[in-house]
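Student: With UniProt numbering, letter number 90 in the sequence shown gets 90, and the count goes up by one each step, no holes.
No residue lacks a Cβ here, since even glycine has one placed at the ideal position from N, Cα and C.
All values reported here derive from a predicted model rather than from experimental measurement.
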Amino acid sequence: MNTTTAMREQAVAEHWIDVEGTLTRYLEAGHGDPVLLVHGEGSVSEEWYGILKGLAGSHRTIAVDLPGYGHSEPTSDASPVALAAFAWKFAQAVGAERPAIIGHSLGGAVAAYMALQRPDHVPSLVLISSASMGRAINPVMLVLAVTPLGDLTKWLIPRLSFGPRLLVASVAVIGALRPWRLPARWWTSQIAAVSSPEALPTTLRSLRSSTGLLGQKNLLTGRLRELPMPTLVAWGVQDTLVPFWQAIAAQRRLPEGRLKLVLCTGHLVPMEAPNTLLKTIRPFLAHSGDAMEGGRRR
Numbered sequence: 001m002n003t004t005t006a007m008r009e010q011a012v013a014e015h016w017i018d019v020e021g022t023l024t025r026y027l028e029a030g031h032g033d034p035v036l037l038v039h040g041e042g043s044v045s046e047e048w049y050g051i052l053k054g055l056a057g058s059h060r061t062i063a064v065d066l067p068g069y070g071h072s073e074p075t076s077d078a079s080p081v082a083l084a085a086f087a088w089k090f091a092q093a094v095g096a097e098r099p100a101i102i103g104h105s106l107g108g109a110v111a112a113y114m115a116l117q118r119p120d121h122v123p124s125l126v127l128i129s130s131a132s133m134g135r136a137i138n139p140v141m142l143v144l145a146v147t148p149l150g151d152l153t154k155w156l157i158p159r160l161s162f163g164p165r166l167l168v169a170s171v172a173v174i175g176a177l178r179p180w181r182l183p184a185r186w187w188t189s190q191i192a193a194v195s196s197p198e199a200l201p202t203t204l205r206s207l208r209s210s211t212g213l214l215g216q217k218n219l220l221t222g223r224l225r226e227l228p229m230p231t232l233v234a235w236g237v238q239d240t241l242v243p244f245w246q247a248i249a250a251q252r253r254l255p256e257g258r259l260k261l262v263l264c265t266g267h268l269v270p271m272e273a274p275n276t277l278l279k280t281i282r283p284f285l286a287h288s289g290d291a292m293e294g295g296r297r298r
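(1) For Ile102, which residues from the same chain have a beta carbon less than 6 Å from its beta carbon, with the 5 sequence-adjacent residues on both sides left out?
(2) Just to confirm the assignment, what range does the beta strand (DSSP E) spanning Gly108 have?
(3) Take Ala29 and list the residues in its own chain whose beta-carbon comes closer than 6 Å to its own, dropping the five residues that flank it on each side.
(4) By alpha-carbon positions, which one of Thr221, Arg223, Thr240, Glu272 ends up nearest to Arg181?
(5) Quick one, which of Ser132, Gly134, Thr153 has its alpha-carbon nearest Val140's?
(6) Does the segment 224–233 come close enough to the segment 198–211 to have 3 or more Cβ pairs within less than 8 Å?
(7) Report the three-state DSSP secondary structure of Ile51 (helix, strand or coil).
(8) How would you call Gln92, buried or exposed, if buried means at least 16 neighbouring beta carbons within 10 angstroms?
(9) State yes or no: is the C-beta of Pro74 within less than 8 Å of the C-beta of Leu106?
(10) Can you tell me the Cβ-Cβ gap for Val269 and Leu277, rounded? I've got them flagged as a contact below 8 Å.
(11) With a threshold of 16 other CB atoms inside 10 Å of the CB of Trp88, please say whether the residue is buried or exposed.
(12) Can you give me the Cβ contacts of Asn138 inside the same chain, cut-off strictly under 8 Å, excluding the 5 residues immediately before and after it?
(13) Who are the near neighbours of Ala96 in its chain, counting only those whose CB is closer than 8 Å to its CB and skipping five residues on each side?
(14) What residue range does the beta strand (DSSP E) around Ile17 cover?
(15) Roughly how many angstroms separate the alpha carbons of His31 and Ser195, rounded to a whole number?
(16) Can you list, in chain order, the residues of its chain whose CB lies under 7 Å from that of Phe90, leaving out five sequence neighbours each side?
(17) I'd like to confirm the pairing. Which residues does DSSP put opposite Trp235 in its beta bridges?
(18) May I ask you to report which of helix, strand or coil DSSP gives Ile102?
(19) Who are the Cβ neighbours of Leu263 in its own chain at under 6 Å, not counting the five residues just before and after it?
(20) Relative to the alpha-carbon of Met133, which residue among Asp120, Trp235, Ile191 has its alpha-carbon at the smallest distance?
(21) Straight-line CA distance for residue 349 to Leu144?
(22) So what's His267 in DSSP terms, helix, strand or just coil?
(23) What is the residue span of the beta strand (DSSP E) that Ile62 lies within?
(24) Report buried or exposed for Phe244, applying the criterion of at least 16 other Cβ atoms within 10 angstroms of its Cβ.
(25) Look up Tyr26 in the DSSP assignment and give the residues it is bridged to.
(26) Quick one: Cα of Glu14 to Cα of Ala192, how far?
(27) Give me the Cα-Cα distance between Gly70 and Val110, rounded to the nearest whole angstrom.
(28) Given a threshold of 16 other Cβ atoms within 10 Å of its Cβ, counted over all protein chains shown, does residue 299 qualify as buried or as exposed?
(29) Given this structure, state the Cα-to-Cα distance separating Thr22 from Pro99, to the nearest angstrom.
(30) How is the beta strand (DSSP E) around Ile128 delimited, first residue to last?
(31) Going by DSSP, which residues form a beta bridge with Thr211?
(32) Using only the alpha-carbon positions, how far apart do Ala131 and Ser161 sit?
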């Protein structure tokens with residue numbers, strides 16, 4: 001490990017903050033303009049570790065555990081709209097009033113709702129394999145959402161000694177084209193997150209709030225034209241949870257949309273291909289920042 005990598009790893013720090021009565025955990029690294037990272041369904045802020053380190057040299061990068069996920073306390077409403085409102089309260093609490101926002105899967109929908117709620121406070125937006133960009137979704141997720149199998153899973157997994165490991169292994173097999181590429185830090189943090197007593201109930205509530213008999217509901221596609229900021233849509237071409245053509249359709253609706261399709265990668269893009277993502281995200285954020293500064297000077 002070289003000196004630069006070691007310094008960046010040491011700079012990643014765990015913090016806790018009270019957000020209007022909800023004790024919230026987050027990871028932070030770096031200095032500069034803020035970037036808020038919002039994780040996916042059932043996940044935890046460690047999913048961003050590679051991205052967190054990779055952006056720390058130029059940005060203050062913050063990865064939050066959403067309420068009820070990871071180690072943060074739960075709230076009553078796990079819908080993307082409610083999570084977006086909470087994320088704004090969190091951003092204000094940590095002094096990141098105008099963050100670039102990067103969201104993955106469920107976090108992509110949360111990030112988009114954040115941008116819709118306060119478009120003048122979001123200089124740029126990155127949606128990675130985002131939820132709510134089309135109806136199509138993996139049948140496994142559909143079955144969990146609309147049948148008692150979801151309740152059975154929620155009840156059974158904590159009662160099996162190997163339950164959390166089995167569930168995380170299933171997520172890896174479905175979500176990644178090559179699960180063996182997923183970092184050890186993700187495996188350990190994800191198993192710990194699934195073992196939390198609130199994680200599975202929160203995940204099931206969230207899934208059922210956004211998935212119905214016809215697939216994903218409460219779609220954002222009709223509102224993407226309301227997002228004026230530069231927006232990067234990134235997707236794994238081999239995504240079997242939400243198909244990559246939703247990225248193409250979303251990018252076409254965005255006034256300032258860019259598109260990045262990541263080859264040989266499934267749904268878990270931030271963990272499976274962080275370096276590939278960073279090669280696109282770094283110049284995108286830099287260009288967006290330069291454009292903002294130019295606008296201010298004019």
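Tutor: This is what the structure holds:
(1) Locating residue 102 in the sequence shown gives position 102, counting from the first residue. Counting only Cβ-Cβ distances below 6 Å, and skipping sequence neighbours, we find Leu37, Val126.
(2) The residue labelled residue 108 in the question sits at position 108 within the sequence shown. Per DSSP, Gly108 belongs to no beta strand (DSSP E); it is in the alpha helix (DSSP H), 106–117.
(3) As a position in the sequence shown, residue 29 is number 29, starting the count at 1. Here the set comprises Ala11, Val12, Leu52, Ala56, Thr61.
(4) Taking the first residue of the sequence shown as 1, we reach residue 181 at position 181. Taking only the C-alpha atoms, the option nearest Arg181 is Glu272.
(5) For the purposes of this step, residue 140 is taken as the residue at position 140 of the sequence shown. Comparing Cα-Cα distances from Val140 to each of Ser132, Gly134, Thr153, the minimum goes to Thr153.
(6) no
(7) The count along the sequence shown starts at 1 and reaches residue 51 at position 51. Three-state DSSP puts Ile51 in a helix.
(8) Position 92 of the sequence shown, counted from the first residue, corresponds to residue 92. The residue in question, Gln92, is exposed, as its Cβ has fewer than 16 Cβ neighbours within 10 Å.
(9) By 1-based counting over the sequence shown, the position of residue 74 is 74. By 1-based counting over the sequence shown, the position of residue 106 is 106. Taking 8 Å as the Cβ cut-off, Pro74 and Leu106 do not qualify as a contacting pair.
(10) Locating residue 269 in the sequence shown gives position 269, counting from the first residue. Locating residue 277 in the sequence shown gives position 277, counting from the first residue. Contact flag correct, Cβ pair sits at about 6 Å.
(11) As a position in the sequence shown, residue 88 is number 88, starting the count at 1. With 16 or more Cβ atoms within 10 Å of its Cβ, Trp88 is classed as buried.
(12) In the sequence shown, residue 138 corresponds to position 138, counting from 1. Answer for Asn138: Ile174, Thr240, Leu241, Val242, listed in chain order.
(13) As a position in the sequence shown, residue 96 is number 96, starting the count at 1. Result list for Ala96: Pro34, Leu36, Arg60, Ile62, in chain order.
(14) As a position in the sequence shown, residue 17 is number 17, starting the count at 1. Unbroken beta strand (DSSP E) run through Ile17: 13–19.
(15) Translated into positions along the sequence shown, residue 31 becomes position 31. Translated into positions along the sequence shown, residue 195 becomes position 195. If you take the alpha carbons of His31 and Ser195, they lie about 33 Å apart.
(16) Indexing the sequence shown from 1 puts residue 90 at position 90. Cβ neighbours of Phe90 beyond the five flanking positions: Val19, Thr24, Val64.
(17) Indexing the sequence shown from 1 puts residue 235 at position 235. The partner list for Trp235 (beta bridge, DSSP) reads Leu261.
(18) Along the sequence shown, one-based indexing puts residue 102 at 102. The answer is strand: DSSP assigns Ile102 an E or B state.
(19) In the sequence shown, residue 263 corresponds to position 263, counting from 1. These residues qualify, in order along the chain: Val237.
(20) For this step, residue 133 is matched to residue 133 along the sequence shown. Here the closest residue by C-alpha is Trp235.
(21) Residue 349 lies beyond the residue range present for the chain, which begins at 1 and ends at 298; the question has no answer from this structure.
(22) Locating residue 267 in the sequence shown gives position 267, where the first residue counts as 1. Correct three-state label for His267: coil.
(23) Residue mapping note: residue 62 aligns to position 62 of the sequence shown, counting from 1. Note, Ile62: beta strand (DSSP E), 59–64.
(24) For the purposes of this step, residue 244 is taken as residue 244 along the sequence shown, with counting starting at 1. Phe244 comes out buried.
(25) Looking up residue 26 in the sequence shown gives position 26. Tyr26 pairs with His15, Val64.
(26) As a working note, residue 14 is residue 14 in the sequence shown. As a working note, residue 192 is residue 192 in the sequence shown. If you take the alpha carbons of Glu14 and Ala192, they lie about 15 Å apart.
(27) In the sequence shown, the residue the question calls residue 70 occupies position 70. In the sequence shown, the residue the question calls residue 110 occupies position 110. Roughly 17 Å between the two C-alpha positions.
(28) Past the boundaries of the shown model lies residue 299; the chain is included only from 1 to 298, so the question cannot be answered.
(29) If you number the sequence shown from 1, residue 22 lands on position 22. If you number the sequence shown from 1, residue 99 lands on position 99. Approximately 21 Å, taken between the alpha carbons.
(30) As a working mapping, residue 128 is identified with position 128 in the sequence shown. 125–128 is the extent of the beta strand (DSSP E) around Ile128.
(31) To locate residue 211, count along the sequence shown from 1; it is residue 211. Thr211 is bridged to Gln216.
(32) Position 131 of the sequence shown, counted from the start, is the residue given in the question as residue 131. Position 161 of the sequence shown, counted from the start, is the residue given in the question as residue 161. Going from the Cα of Ala131 to the Cα of Ser161 covers about 31 Å.
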